[in-house]
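Under my numbering, residues 31 to 173 are what the sequence shown spells out, in order.
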Amino acid sequence: MTENRLTPSRRAVLTAVPIGAVVLGAAACGDDSGGSNSASPGAESKSTANSSGDVLTTTSAVPVGSGVVVGDVVVTQATAGDFEAFSTKCPHQGCAVAPKDGKLDCPCHGSEFDLDGSLVHGPATEPLTPVHVQVRGADIVRV
Ligand code: FES
């Protein structure tokens, strides 16, 4: 009976050899692709910098009565502790707005927005698009 069990085992071994070779080949390819590269998580963070859950900036980096541009988002602090964020894309023709003199100014055609994103004057006819953020400790996080 023991010999009967050995016979299938030999077959299994013979069958497993090519599979093992394929697995080893795949593992070798995997090693070359950077499986041990610890920089990959950082690269992922960068690629998702504008995604939900990402830290946009810190509370101390946003001046009271103004704002700071982080990528395609402007984070404002109209009054102390009142943080809001908006897309920098001007609703008129898409230029990037930026903080200027306590407002958000579009340099292309002069539209102006309050720090709460509301339209002060055009040619834009709509407010800025809100970006939902939360203060988590000292960080302002996109949610
Ligand atoms: Fe901003 Fe025209 S694109 S005012």
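Where a beta carbon is used, it is the ideal one built from N, C-alpha and C, also for glycine. Predicted, not measured: the structure shown is a model, and the values here were computed from it.
Residue i beta carbon near the ligand GTP (any heavy atom closer than 8 angstroms)
i, result
"G124", "With respect to the ligand GTP, the structure shown offers nothing to examine, as its ligands consist of the ligand FES."
Any non-hydrogen atom of the ligand FES within 8 angstroms of residue i CB
i, result
"P129", "no"
"S141", "yes"
"G152", "yes"
Alpha carbon of residue i to alpha carbon of residue j, nearest angstrom
i, j, result
"A128", "S141", "11 angstroms"
"I170", "D144", "20 angstroms"
"G101", "A110", "23 angstroms"
"H122", "S90", "31 angstroms"
"V150", "C138", "15 angstroms"
"S81", "A168", "19 angstroms"
"C125", "V165", "27 angstroms"
"V94", "V173", "22 angstroms"
"A79", "V103", "Low confidence applies here, because A79 scores a pLDDT of 47, under 50, leaving its location unreliable; read the following figure in that light. So the alpha carbons of these two residues sit roughly 11 angstroms apart."
"Q107", "G152", "22 angstroms"
"C136", "G83", "28 angstroms"
Delimiting residues of the beta strand (DSSP E) encompassing residue i
i, result
"H151", "L149 to H151"
"T88", "V85 to T88"
"V165", "V163 to R166"
"D135", "K133 to D135"
"D146", "It is not in any beta strand (DSSP E) - D146 carries neither H nor E in the DSSP assignment."
"S82", "No beta strand (DSSP E) contains S82, which DSSP labels as neither H nor E."
DSSP bridge partner residues for residue i (one or two, in chain order)
i, result
"T109", "According to DSSP, T109 bridges with nothing at all."
"A115", "V105"
"A126", "K119"
"V100", "V103"
"P93", "None, per the DSSP bridge assignment."
"P157", "Its beta-bridge partners do not exist; DSSP assigns none."
"V171", "V85 and Q164"
Rounded Cβ spacing between residue i and residue j (contact assumed at less than 8 angstroms)
i, j, result
"G116", "V161", "In the sequence under discussion, the amino acid at residue 116 is Phe, which differs from the Gly named in the question. That pair is a contact at about 6 angstroms."
"V105", "L86", "6 angstroms"
Short CB-CB distance (under 9 angstroms) between residue i and chain C
i, result
"D102", "The structure shown contains no chain C; it holds only a single protein chain."
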